[in-house]
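To keep things clear, I will list the structure first and then write my remarks on it.
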Amino acid sequence: MQNTIKAGLVWLRRDLRWQDNPALQFALACCAQVHCVFLFDTDILQPLPANDRRVAFIHASVEALDATLREQACMSRAGLIVLHGTARTEIPRLARLLQVQCVFAAHDYEPLARQRDEQVHVALAAQGVRLETVKDHVIWERRELLTQGGKPYGVFTPYLRAWLARTQAAPQTPRSPNQMLQLLAPRPDPYDTPVPSLTQLGFGAARPMSGIMTGSSGAQRMFDDFWERMDDYEQRRNYPAVKGPSYLGVHLRFGTISIRQLVAIALRRMLEGSTGATVWLSELVWRDFYFQILANFPHVAGGAFKPEYDRLQWEQGARANDHFIAWCEGRTGYPLVDAAMAQLNQTGYMHNRLRMVAGSFLVKHLGIDWRWGERYFAEKLNDFDLSANNGGWQWVSSCGCDAQPYFRIFNPVTQSQKFDAQGKFILRYLPQLRGLNAKHLHAPWQAKPVDLSAAGVVLGHDYPFPIVDHAQARAKTLLRYAVVNKSVQASAGVLQ
Ligand SMILES: Cc1cc2nc3c(=O)[nH]c(=O)nc-3n(C[C@H](O)[C@H](O)[C@H](O)COP(=O)(O)OP(=O)(O)OC[C@H]3O[C@@H](n4cnc5c(N)ncnc54)[C@H](O)[C@@H]3O)c2cc1C
Numbered sequence: 021m022q023n024t025i026k027a028g029l030v031w032l033r034r035d036l037r038w039q040d041n042p043a044l045q046f047a048l049a050c051c052a053q054v055h056c057v058f059l060f061d062t063d064i065l066q067p068l069p070a071n072d073r074r075v076a077f078i079h080a081s082v083e084a085l086d087a088t089l090r091e092q093a094c095m096s097r098a099g100l101i102v103l104h105g106t107a108r109t110e111i112p113r114l115a116r117l118l119q120v121q122c123v124f125a126a127h128d129y130e131p132l133a134r135q136r137d138e139q140v141h142v143a144l145a146a147q148g149v150r151l152e153t154v155k156d157h158v159i160w161e162r163r164e165l166l167t168q169g170g171k172p173y174g175v176f177t178p179y180l181r182a183w184l185a186r187t188q189a190a191p192q193t194p195r196s197p198n199q200m201l202q203l204l205a206p207r208p209d210p211y212d213t214p215v216p217s218l219t220q221l222g223f224g225a226a227r228p229m230s231g232i233m234t235g236s237s238g239a240q241r242m243f244d245d246f247w248e249r250m251d252d253y254e255q256r257r258n259y260p261a262v263k264g265p266s267y268l269g270v271h272l273r274f275g276t277i278s279i280r281q282l283v284a285i286a287l288r289r290m291l292e293g294s295t296g297a298t299v300w301l302s303e304l305v306w307r308d309f310y311f312q313i314l315a316n317f318p319h320v321a322g323g324a325f326k327p328e329y330d331r332l333q334w335e336q337g338a339r340a341n342d343h344f345i346a347w348c349e350g351r352t353g354y355p356l357v358d359a360a361m362a363q364l365n366q367t368g369y370m371h372n373r374l375r376m377v378a379g380s381f382l383v384k385h386l387g388i389d390w391r392w393g394e395r396y397f398a399e400k401l402n403d404f405d406l407s408a409n410n411g412g413w414q415w416v417s418s419c420g421c422d423a424q425p426y427f428r429i430f431n432p433v434t435q436s437q438k439f440d441a442q443g444k445f446i447l448r449y450l451p452q453l454r455g456l457n458a459k460h461l462h463a464p465w466q467a468k469p470v471d472l473s474a475a476g477v478v479l480g481h482d483y484p485f486p487i488v489d490h491a492q493a494r495a496k497t498l499l500r501y502a503v504v505n506k507s508v509q510a511s512a513g514v515l516q
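Under my numbering, residues 21 to 516 are what the sequence shown spells out, in order.
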């Protein structure tokens, strides 16, 4: 295969790194000359707000990758060709102009991306150019891990077991293409230009992603920082005021770090006996799990994994709309939920424990369709990934694979007392409650008027009254889900 293709084009999408990049490695291994392109895809960018943090992150990471490629290739005219337009026209046009025989890219599993790749594939084929795609974003993809019955997994624990066994039997070693980067071709005119600015792309200054460094070097520094804390992950990960998790989600989303690199290190540490690494590795496996769910059960992008749950009757009308807006804006009157939403709105990040609490609140306290929450998170999360976000929302609403049972309804007050006992996280985002003592911070409406006035808090003015009562909401949700549950039992012959 070595150098059998005269010229190839690597189309980078959500794999913005040069190290351990299978599409790039494949191209370098079989082409005499390799070009690299990144496309700011107008089909994706068009609906986004001008200050979208993710576009700014991608932009900075593309600039860094361009500089690294030129440096590694020891040639200033090498580097990334950066385009702005739609994939179905720009990629075939570039392939024709560069006279490449093959375009290389990483597999994408999202329905719209699959459609896009199919359109590009057809357009390239019409020009006699091949589109070769390879696995990159996950360790095991699609139907690579199946149950003994030959079916895709729908339950996490046996999947985890099978994943660990297979990964230990066939370790995934990250590879670096340093030597071969000399095969990178000089960028011909008119492509030998700097990366267009955010303004040229139609975007303005974005609010920063707090604490997130960009590009592969940023990802590596964040991982080095997490490595020091990895052994404590299990103890620290549930407390939103504590620096417990890795914050690498956005880097995994855009491929500025390799999943194989992370898995290799976590697995090694696990085998050395670290429970922190064991739990963190299992989170990376959840990521693979949801990717394979989306690939094998594409109906989840739009409907419940268990279709009978599509029959649930969600709240509708003006009250539901008002409740939804209050939830989005962090005005539910439940401090942990409101602080979580403020964190999301202000930074684009939300701690995992809070994604569960805030998500559950929307669905099981407000009775609102989980897809509304899924859409809001998709707009706001820096690390938004269709598969993980969808999996998370199906989990909190109990209608997905491996979901929590419908009758398990997080109490936002006890969650708050347990995971933010001193209210440190709450006060970071709701400073107006700072005069309340720790006991009342979790449920200000339970404080006596004298305590509220001593704290300078006027409910309904400085902070809202709760928009729903926990006990009533809980009872309503049990009724709502009982309908589905009865029909499930009936169809299984339990209630005959
Ligand atoms: C309602 C809801 C929505 C979510 N939406 C997303 C999303 O859009 N994108 C996303 O990456 N994760 C999502 N998650 C999963 C999880 O909350 C985030 O991955 C995690 O909080 C990211 O922070 P971190 O990088 O510090 O994670 P760490 O705790 O350091 O975990 C490391 C990595 O493992 C993966 N991971 C961790 N937990 C999960 C999980 N439950 N499912 C899948 N992958 C996981 C992520 O890639 C994460 O970056 C969602 C969870 C819920 C409950």
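We treat Cβ as the ideally placed atom computed from N, Cα and C, and that holds for glycine.
It should be emphasised that the depicted structure is a prediction, and the values quoted were computed from it without experimental measurement.
Measuring alpha carbon to alpha carbon, tell me which residue in the options is nearest residue i.
i, options, result
"Asn258", "Gly224, Glu303, Arg288, Arg273", "Glu303"
"Asp405", "Pro432, Ala321, Cys419", "Ala321"
"Gln192", "Leu401, Gly296, Met376, Ser278", "Ser278"
"Gln119", "Pro208, Leu203, Gln255", "Pro208"
"Phe485", "Trp334, Leu453, Thr109", "Leu453"
"Arg288", "Asp358, Leu184, Ile64", "Leu184"
"Lys326", "Arg256, Val175, Trp392", "Val175"
"His462", "Gln435, Gly480, Leu100", "Gln435"
"Phe445", "Gln202, Pro355, Ile388, Leu472", "Pro355"
Do residue j and residue i come within 8 angstroms of each other at the CB atom, strictly closer than that value?
i, j, result
"Phe397", "Asn409", "yes"
"Tyr129", "Leu314", "yes"
"Gln281", "Pro194", "yes"
"Trp347", "Leu382", "yes"
"Leu48", "Val54", "yes"
"Ala226", "Asn71", "yes"
Go through its chain and collect everything with a Cβ distance to residue i's Cβ below 6 angstroms, but skip five positions before and after it.
i, result
"Val514", "Residue placement at Val514 cannot be trusted, given a pLDDT of 39 that sits under 50; what the coordinates show is reported in the next sentence. Within the same chain, Val514 has no close Cβ partners at all."
"Pro42", "Val154, Asp156"
"Val158", "Asp308, Phe311"
"Val102", "Phe58, Val215"
"Ala324", "Asp330, Cys419"
Quick one: does the C-beta of residue i sit closer than 7 angstroms to a heavy atom of ligand 1?
i, result
"Ser81", "no"
"His371", "yes"
"Asn409", "yes"
"Arg530", "Absent from the structure is residue 530, since the part of the chain shown begins at 21 and ends at 516."
"Asp405", "yes"
"Phe397", "yes"
"Gly379", "yes"
"Glu130", "no"
"Arg249", "no"
"Gly99", "no"
"Met376", "yes"
"Gly412", "yes"
"Leu20", "The structure shown does not extend to residue 20, since the chain is modelled only from 21 to 516, so the question has no answer here."
"Trp347", "no"
"Pro425", "no"
"Trp38", "no"
"Glu254", "no"
"Tyr310", "yes"
"Arg273", "yes"
"Pro260", "no"
"Gly231", "no"
"Trp160", "no"
"Pro67", "no"
"Gly296", "no"
Would you mind reading off the limits of the alpha helix (DSSP H) that contains residue i?
i, result
"Glu295", "Per the sequence shown, residue 295 should be read as Thr rather than Glu. First-last of the alpha helix (DSSP H) with Thr295: 295–316."
"Trp31", "Segment 25–32 is the beta strand (DSSP E) holding Trp31; no alpha helix (DSSP H) there."
"Leu68", "Premise fails: Leu68 is in no alpha helix (DSSP H) and is neither H nor E."
"Arg150", "Not the alpha helix (DSSP H): Arg150 falls in the beta strand (DSSP E), residues 150–154."
"Trp160", "First-last for Trp160: undefined, no H or E at that position."
"Thr187", "176–189"
"Ala423", "That residue, Ala423, is in no alpha helix (DSSP H); it is neither H nor E in DSSP."
"Glu138", "131–146"
"Asp358", "355–367"
Under 8 angstroms Cβ to Cβ from residue i, same chain only, skipping five residues before and after it: list those, please.
i, result
"Ala362", "Gly350, Tyr449, Leu450"
"Leu166", "Pro172, Tyr173"
"Ala512", "For Ala512, the predicted structure reports a pLDDT of 46, less than 50, and the residue's modelled location is therefore unreliable. A value from the coordinates is still provided. So no residue of the chain qualifies."
"Ala284", "Pro191, Gln192, Thr193, Pro194"
So residue i is in the beta strand (DSSP E); what residue range does that whole segment cover?
i, result
"Ala126", "122–126"
"Phe223", "Per DSSP, Phe223 belongs to no beta strand (DSSP E) and is neither H nor E."
"Glu91", "From DSSP, Glu91 is part of no beta strand (DSSP E) but of the alpha helix (DSSP H) over 73–92."
"Ile64", "No beta strand (DSSP E) contains Ile64, which is instead part of the alpha helix (DSSP H) from 62–65."
"Gly393", "Note, Gly393: premise wrong, no beta strand (DSSP E); alpha helix (DSSP H) at 390–400."
"Leu103", "100–105"
Let me check you understand the geometry: is the CB of residue i closer than 7 angstroms to at least one non-hydrogen atom of ligand 2?
i, result
"Trp183", "Ligand 2 is absent from the structure shown, which contains only ligand 1."
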